[in-house]
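Input: a single structure, listed below in structure tokens.
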Ligand code: GLN
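Next comes the structure, spelled out in structure tokens:
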């Protein structure tokens, strides 16, 4: 039978609950346990796929094509787990399932209520994840902050879970903020006390508190938190700000958080250390020999979370190449009327990520033209590939008005909708989603970086390379080096005679890990390290 850990957050959002959950997954996995991680999201959207990145940050895509919360990215990067549609639940999905059962008459005669019908549906989904994953421990992160109206049904379901499954089989962790107040010259525990108080009103008594702080907590502060919050002192875990998120599992391990959890569950596991993680990830990320600056040209650059997996994948490629990757975020819209060589000063590689809509496109195309002509290493992802195709059509194949039909009606629709997509009416969950195979051409750059001829990568897009233009592109020096077998969809394009110009229709960033950088990214950083920066 699986055991369950619920992780809640208090005081403020953005404390790093996802990273804490992933780190707990990591330390338990290192003890030989099979873990699964889940995120419960309180919003009413069925999934984040229809949300603007400004609202939600990146949409993380799983192998099976679920559009999910970006915390699932942390789970996959820190642990060896694979997430699927079973690992992310939203209020929208829960209400959808309850209402459709009600319409079918499954509850005939009853009044449908939050308790027990909504909470039952939540619990059923959590147990389903345990069943599908066959995990020893299911770690369930509850989105939002304690005290929010909308997360109440999830918290209530977590309270009932201990009643249903037995005290020993359920564990509660609360992540909170212990702020340092400069004027008073001390850290304050009151917000934590209130947050735990609110949680206790709901009936959830935390077994562990993880305290996010700027600095270490003194013994006195730990004692005070322990007394007022009714949590054993050794279960008050400090989590100070770190230079790298990949240090967090080590911080937890040092405070024997794994032992505290295992002793509650009465589980006896092999001992373990995180030496490999420390050596191959943490030490390398903290003390790199080289440095390289990469421009990420996108339209959501102000928002830290919008390209989360891309930024992480660049860090991983840095770890692989023993280099610190400095990221220069460039707003593509601003490039439209800037001197491009000024914007790229000191830059050794250009990455154009995915996106939707016309805003900022011309700036991306300008950046790609610059990389192509100046032989600056370039990696294009999804919309980044589509822009590379448009740029090549306009400036190397002389199709001046070439465009994607997502943006404009044109005589040269080099990127267009497949017929099957054209017929769709619903926006949610209808893109080409999840893992598809891709066959790689021999002796291409893709062949060189991947070192195999069949790969699987995750997709999230509606538009595709228009095969009517294949011959013309090839004639002008573009190599169409990756194709989805059976469907003849172009997945990878590259340029002959350029040191590293490659663009892909899929999202390689979702499969990169700190100790296993994605080959397209490690190849890119390697090429950037060899490139003399743009003067
Ligand atoms: N907007 C493009 C499409 O739908 C690209 C999507 C993306 O970059 N994820 O095809």
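Residue numbers (our numbering): 30 to 564.
All residues carry an ideal CB built from backbone N, CA and C; glycine is no exception.
From which residue to which residue does the alpha helix (DSSP H) around residue i run?
i, result
"residue 555", "548-559"
"residue 494", "Element bounds for residue 494: not the alpha helix (DSSP H) but the beta strand (DSSP E), 492-494."
"residue 448", "448-451"
"residue 22", "Outside the shown range of the chain (30 to 564) lies residue 22, about which nothing can therefore be said."
"residue 357", "Looking at the DSSP string, residue 357 is not in any alpha helix (DSSP H); the run it does join, the beta strand (DSSP E), is 352-360."
"residue 220", "219-231"
"residue 465", "Looking at the DSSP string, residue 465 is not in any alpha helix (DSSP H); the run it does join, the beta strand (DSSP E), is 461-469."
"residue 347", "337-349"
"residue 290", "286-294"
"residue 381", "Segment 378-381 is the beta strand (DSSP E) holding residue 381; no alpha helix (DSSP H) there."
Residue i to residue j, Cα distance in whole Å?
i, j, result
"residue 286", "residue 266", "8 Å"
"residue 274", "residue 498", "44 Å"
"residue 65", "residue 53", "11 Å"
"residue 36", "residue 408", "37 Å"
"residue 337", "residue 69", "19 Å"
"residue 470", "residue 107", "32 Å"
"residue 208", "residue 172", "21 Å"
"residue 512", "residue 384", "22 Å"
"residue 49", "residue 270", "12 Å"
"residue 501", "residue 494", "13 Å"
"residue 514", "residue 460", "19 Å"
"residue 373", "residue 77", "33 Å"
"residue 506", "residue 412", "21 Å"
"residue 226", "residue 188", "15 Å"
"residue 179", "residue 369", "46 Å"
"residue 212", "residue 260", "29 Å"
"residue 195", "residue 163", "19 Å"
"residue 88", "residue 103", "12 Å"
"residue 38", "residue 435", "40 Å"
"residue 14", "residue 232", "Residue 14 lies beyond the stretch modelled for the chain, which goes from 30 to 564, so this question has no answer here."
"residue 258", "residue 176", "17 Å"
"residue 153", "residue 146", "10 Å"
"residue 126", "residue 150", "8 Å"
"residue 297", "residue 304", "21 Å"
"residue 565", "residue 432", "The structure shown has nothing for residue 565, since the chain only spans 30 to 564."
To the nearest whole angstrom, what separates the beta carbons of residue i and residue j, a pair I think is in contact under 8 Å?
i, j, result
"residue 119", "residue 457", "That pair is no contact at about 11 Å."
"residue 31", "residue 166", "7 Å"
"residue 170", "residue 46", "6 Å"
"residue 443", "residue 552", "That pair is no contact at about 25 Å."
"residue 210", "residue 217", "5 Å"
"residue 341", "residue 541", "7 Å"
"residue 328", "residue 388", "6 Å"
"residue 314", "residue 418", "That pair is no contact at about 34 Å."
"residue 40", "residue 205", "5 Å"
"residue 112", "residue 97", "7 Å"
"residue 183", "residue 71", "6 Å"
CB-CB under 6 Å to residue i, same chain, minus the five flanking residues each way: which ones, in chain order?
i, result
"residue 484", "467"
"residue 450", "491"
"residue 301", "59 and 60"
"residue 156", "none"
"residue 474", "523 and 531"
Below 7 Å CB to CB, which residues in the same chain sit around residue i once its five sequence neighbours on both sides are set aside?
i, result
"residue 503", "509"
"residue 158", "65, 67, 115, 116 and 167"
"residue 416", "381, 390, 393, 394, 397 and 409"
"residue 185", "144, 148 and 231"
"residue 94", "462 and 463"
Which residues mark the beginning and the end of the beta strand (DSSP E) in which residue i is found?
i, result
"residue 170", "166-171"
"residue 237", "237-242"
"residue 502", "Segment 499-504 is the alpha helix (DSSP H) holding residue 502; no beta strand (DSSP E) there."
"residue 258", "It is not in any beta strand (DSSP E) - residue 258 instead sits in the alpha helix (DSSP H) that spans 248-258."
"residue 530", "530-533"
"residue 143", "From DSSP, residue 143 is part of no beta strand (DSSP E); its letter is neither H nor E."
"residue 117", "117-119"
"residue 152", "It is not in any beta strand (DSSP E) - residue 152 instead sits in the alpha helix (DSSP H) that spans 148-162."
"residue 523", "518-524"
"residue 25", "Limits of the chain in this structure are 30 at one end and 564 at the other, which puts residue 25 out of reach."
"residue 279", "Element bounds for residue 279: not the beta strand (DSSP E) but the alpha helix (DSSP H), 277-283."
Among the residues of its own chain, which have a CB less than 8 Å from the CB of residue i, if the five just before and after it don't count?
i, result
"residue 311", "273, 275, 276 and 279"
"residue 131", "141"
"residue 406", "377, 378, 379, 400, 528, 529, 530, 553, 556, 557 and 560"
"residue 357", "322, 323, 324, 325, 375 and 376"
"residue 200", "32, 33, 34, 35, 236, 237, 290, 293 and 294"
"residue 134", "none"
"residue 319", "350, 351, 352, 353 and 558"
Cβ of residue i less than 9 Å from any chain D Cβ?
i, result
"residue 432", "No chain D is part of this structure, which consists of one protein chain only."
Considering only residues of the region 34-115, which uninterrupted alpha helix (DSSP H) runs meet the minimum length of 4 residues and lie entirely inside it, listed in chain order? 46-58, 82-85 and 100-107
Can you give, in chain order, each stretch of the alpha helix (DSSP H) that sits fully within the region 401-431 and has at least 4 residues? 412-424
Of all the alpha helix (DSSP H) runs that stay within the bounds of the region 168-217, which reach a length of 4 or more residues? 181-194
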